[in-house]
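For the record, the sequence lines run as chains A and B. All you need for the working numbering is the position in the first sequence, starting with 1, plus 38. All you need for the working numbering is the position in the second sequence, starting with 1, plus 1.
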Amino acid sequence: MTPRTAFQAVSESPLGFLASSWPWRSVAYLISGVLLGALTAGVLIGLLLAGALLAVALVGLVAFLAVALSGVAVGRFERWRLRLIDPDPLPDPHRRPERAGRVAWVRTRLREPATWRELGYTVVSLGALWWIDALMLGLVLGIPISLMVTPLFELQDQSNAFFPKILYTVAGLALLPFAAYPVTVWAAARGALARAILAPRDAELGAQLVEVSRSRARLVDAFDVERRRIERDLHDGAQQRLVALSMAIGLARLEVADGSTAAKHLTAAQDEAERAHAELRELIRGVHPQVLTDRGLPASVTDLADRSPVPVRVDVELPRRLPAPVEVTAHFVVSEALTNVARHSGASGATVHARLHVDTLVLEVRDDGAGGADLAGGTGLAGLADRVAAAGGRLLLSSPPGGPTLVRAELPCSG
Amino acid sequence: MLRIVVAEDAVLLREGLVGIVERFGHQVVAAVGDAAALTTAVAHERPDVVLTDVRMPPAFTDEGLRAAVALRAAYPGMPVLVLSQYVQPTYAAELLDSGGGRGVGYLLKHRVGRVEEFMDALVRVANGGAAVDPEVVAQLLGRRRDPLTRLTPREREVLGLIAEGRSNAAIARALVVSEAAVAKHIASILLKLDLPPAADDHRRVLAVLAYLRG
């Protein structure tokens with residue numbers, strides 16, 4: 039198994055470890071740590087001095103602000119640098135500023151705990167870590183390397199024999215593999231420390247997760263808006279033309295004698311137009327139920343119950359109209375559940391129950407059928423679960439073999 | 002000749018409706034495109050009957066229906082025939098509840114194509130009768146299953162036709178049976194539904210509808 043981290047690499051077989059890129063990566067990590075430390079120290083000392091000197095002119099405050107925010111830059115570079123010894127990327131804990139512009143950026147950053155953790159890391163890094171980096175490189179690598187190069191400086195000195203000189207070099211080379219261990223272990227420890235401090239906290243990840251589910255809800259909303267637009271278009275366009283066509287045929291029918299061939303054709307045309315109209319009506323109802331928009335959930339559920347071939351008792355009492363996306367989701371939950379009851383359950387009756395509990399709509403569709411409904415098996419129920427989840431709610435199902443079946447949807451109504 | 006106010010926002014259909022009623026010798030005293038104009042026109046013209054769409058500007062929900070119910074409250078006995086694109090028992094029940102169910106109708110729009118039947122319904126409503134779309138009746142029947150299971154399929158059929166506002170003679174023609182047979186069915190229906198038989202056809206319709214709405 040290829041090691042995924044420096045720690046894992048160290049515990050591999052010595053030959054495998056020494057032949058791998060881990061020691062080199064660790065050295066690179068520590069060297070970049072020293073460089074970053076020196077650079078940060080220089081910049082921060084400069085900024086602090088400038089801030090202290092210019093504080094009277096208030097301009098200095100900008101320098102202090104830059105010091106406070108320096109951790110953001112250091113943190114970003116550290117997260118990027120960490121990939122040398124830890125290939126698992128570290129997500130950025132920062133949120134995107136709500137508005138564009140520097141002021142909004144600074145304001146957002148100053149409010150984030152991540153910014154202050156990064157500043158803390160920078161201070162610790164400057165106070166201790168990069169010295170240890172330098173010490174590690176200097177002692178652990180410095181000793182063997184200086185042993186190796188000693189003969190080069192002593193070439194002019196003819197007093198010693200050739201043998202001892204080459205011994206220095208051999209000793210240096212022999213020490214190098216041993217140096218690889220402490221270097222890699224320190225690099226790994228420093229990496230773990232960086233990860234612990236610079237990784238996003240759950241709450242910070244949580245903010246991003248909420249953002250994702252919100253965008254899913256937006257997508258569902260966009261679909262609903264689109265469905266309503268289609269419904270409007272069909273209503274204002276195709277449906278009205280069909281009615282106008284029907285009227286024209288009706289008027290023409292008045293002009294021809296009963297029993298004539300023309301009358302027969304016109305009657306057939308009239309029948310056809312009515313069938314088209316009926317189909318269009320069904321289609322429109324499936325796309326978007328008009329009664330839901332007009333009268334809200336209790337009326338639309340009653341309507342669904344009326345259409346169900348299985349007798350349905352409706353017990354829906356809500357204190358107010360709910361947000362449109364909730365109403366639409368709830369309507370389709372009832373619609374799909376009642377369709378399932380009629381198709382699969384063999385039930386002789388069903389109940390739709392809905393109440394608003396504080397800010398959550400709790401909707402239950404219960405039947406006395408054979409049970410055995412399965413979220414994984416039925417595509418309809420799985421689709422509903424997705425839809426409910428996108429609205430921030432959850433769908434629960436109880437359907438033991440032999441029944442009864444209960445579908446319960448909980449939909450948050452706040453915001 | 003009836004004096005009629007027509008309210009329909011789609012010009013194509015409005016012109017069509019005006020054409021049809023005028024073809025039958027009635028007079029359209031106002032043809033308007035929204036609920037506010039409808040209310041004004043009725044106040045001005047005091048027509049014999051109002052013919053209105055459900056969905057109209059500005060919100061395109063149920064302005065027409067609400068205007069109709071309001072008009073029937075403001076002018077008791079004002080006959081109103083509502084045309085809808087949808088089978089919507091909730092709307093129908095609300096309308097039928099107004100004004101004690103006299104001179105009221107609820108038809109699906111495409112019935113207008115059956116020009117003679119449509120005009121029959123309009124005249125019936127203008128004369129204080131009722132006209133309910135068969136599809137709406139079917140749904141209203143579906144709503145109250147339990148007591149209706151006692152009816153035979155033929156009796157359900159007859160009840161549907163009664164609810165539409167047909168006379169015994171019309172029902173007999175529609176079902177190709179004698180009027181006596183229809184009368185027998187009706188007596189049986191009213192008995193099974195615990196409704197005392199009444200002499201007046203019109204009151205019988207209301208009784209049935211009231212029961213169905215209940």
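Where a beta carbon is used, it is the ideal one built from N, C-alpha and C, also for glycine.
Simplified DSSP state of residue i, which is helix, strand or coil
i, result
"Gln28 of chain B", "strand"
"Ala37 of chain B", "helix"
"Pro220 of chain A", "helix"
"Val7 of chain B", "strand"
"Pro61 of chain A", "helix"
"Pro129 of chain A", "coil"
"Ser436 of chain A", "strand"
"Thr53 of chain B", "strand"
"Gly215 of chain B", "Because the pLDDT of Gly215 of chain B is 47, which lies under 50, any placement of that residue in the model is unreliable, and the number read from its coordinates should be weighed accordingly. The answer is coil: DSSP assigns Gly215 of chain B none of H, G, I, E or B."
"Pro151 of chain A", "helix"
"Val105 of chain B", "strand"
"Glu136 of chain A", "coil"
"Thr299 of chain A", "helix"
"Thr340 of chain A", "helix"
"Pro135 of chain B", "helix"
"Arg313 of chain A", "helix"
"Pro18 of chain A", "Lying before the first or after the last residue shown, residue 18 of chain A is absent from chain A, which here runs from 39 to 453."
"Leu356 of chain A", "coil"
Min CB distance residue i to chain B below 7 Å
i, result
"Val281 of chain A", "yes"
"Pro361 of chain A", "no"
"Val263 of chain A", "no"
"Ser284 of chain A", "yes"
"His315 of chain A", "yes"
"Val379 of chain A", "no"
"Asp296 of chain A", "no"
"Asp344 of chain A", "yes"
"Val110 of chain A", "no"
"Val97 of chain A", "no"
Cross-chain neighbours of residue i in chain B, by beta carbon under 8 Å
i, result
"Glu312 of chain A", "His111 and Gly114"
"Asp332 of chain A", "Thr62 and Asp63"
"Leu292 of chain A", "Arg24, Val116 and Glu117"
"Val366 of chain A", "The contacting residues do not exist; Val366 of chain A stays about 15 Å from chain B at best."
"Ala337 of chain A", "Thr91"
"Arg137 of chain A", "The premise fails here: Arg137 of chain A is roughly 35 Å from chain B at the closest Cβ pair, so nothing lies under 8 Å."
Within chain A, partners of residue i - CB distance below 8 Å
i, result
"Arg304 of chain B", "It is not possible to answer for residue 304 of chain B, since the shown part of chain B is limited to 2 through 215."
"Gln28 of chain B", "Those within 8 Å of Gln28 of chain B in chain A number zero; the least Cβ separation is about 18 Å."
Whether residue i touches residue j by CB criterion (7 Å)
i, j, result
"Glu180 of chain B", "Ala173 of chain B", "yes"
"Leu39 of chain B", "Val30 of chain B", "no"
"Arg66 of chain A", "Leu122 of chain A", "Just to set this straight, residue 66 of chain A is Ala in the shown sequence, not Arg. Yes. Within cutoff."
"Val81 of chain B", "Gly65 of chain B", "no"
"Asp55 of chain A", "Ala44 of chain A", "Checking the sequence shown, residue 55 of chain A turns out to be Phe, not Asp. No."
"Leu14 of chain B", "Gln308 of chain A", "no"
"Cys451 of chain A", "Leu360 of chain A", "yes"
"Gly89 of chain A", "Glu156 of chain A", "no"
"Ala385 of chain A", "Asp412 of chain A", "no"
"Tyr206 of chain A", "Leu185 of chain A", "yes"
"Val138 of chain B", "Gly104 of chain B", "no"
"Gly430 of chain A", "Glu448 of chain A", "no"
"Ala540 of chain A", "Ser64 of chain A", "Since the first residue shown for chain A is 39 and the last is 453, residue 540 of chain A is missing from the structure and cannot be characterised."
"Ala255 of chain A", "Ala428 of chain A", "yes"
"Val364 of chain A", "Val339 of chain A", "no"
"Leu128 of chain A", "Leu120 of chain A", "yes"
"Ala94 of chain B", "Gly106 of chain B", "no"
C-beta neighbour in chain A for residue i, strict 7 Å
i, result
"Leu14 of chain B", "yes"
"Glu9 of chain B", "no"
"Asp35 of chain B", "no"
"Thr62 of chain B", "yes"
"Gly215 of chain B", "Note that Gly215 of chain B has pLDDT 47, beneath the 50 cutoff, so the model's placement of it is unreliable and the number below is only indicative. It does not: the Cβ of Gly215 of chain B has no partner Cβ on chain A nearer than 7 Å."
"Tyr107 of chain B", "no"
Under 9 Å from the C-beta of residue i: neighbouring residues of chain B
i, result
"Asp271 of chain A", "What Asp271 of chain A touches in chain B: nothing, since even the nearest Cβ is about 12 Å away."
"Leu107 of chain A", "By Cβ distance, chain B contributes nothing, its closest Cβ being about 52 Å from Leu107 of chain A, past 9 Å."
Cross-chain neighbours of residue i in chain A, by beta carbon under 7 Å
i, result
"Tyr76 of chain B", "By Cβ distance, chain A contributes nothing, its closest Cβ being about 24 Å from Tyr76 of chain B, past 7 Å."
"Gly17 of chain B", "Ala282 and Met285"
Contacts of residue i in chain A (Cβ-Cβ under 9 Å)
i, result
"Gly20 of chain B", "Met285 and Leu289"
Neighbouring residues, chain B, relative to residue i (Cβ below 7 Å)
i, result
"Val12 of chain A", "Limits of chain A in this structure are 39 at one end and 453 at the other, which puts residue 12 of chain A out of reach."
"Val329 of chain A", "Gln89 and Thr91"
Considering only residues of the stretch 226-292 of chain A, which uninterrupted alpha helix (DSSP H) runs meet the minimum length of 4 residues and lie entirely inside it, listed in chain order? Here the runs fully enclosed are 240-272.
Ignoring anything shorter than 3 residues or poking outside the stretch 57-119 of chain B, list the beta strand (DSSP E) runs there in chain order. 81-85 and 105-109
Ordered list of beta strand (DSSP E) runs contained in the stretch 361-423 of chain A, each at least 3 residues: Secondary structure within the stretch 361-423 of chain A: the beta strand (DSSP E) runs of 3 or more consecutive residues, fully enclosed, are 388-395 and 398-405 (chain order).
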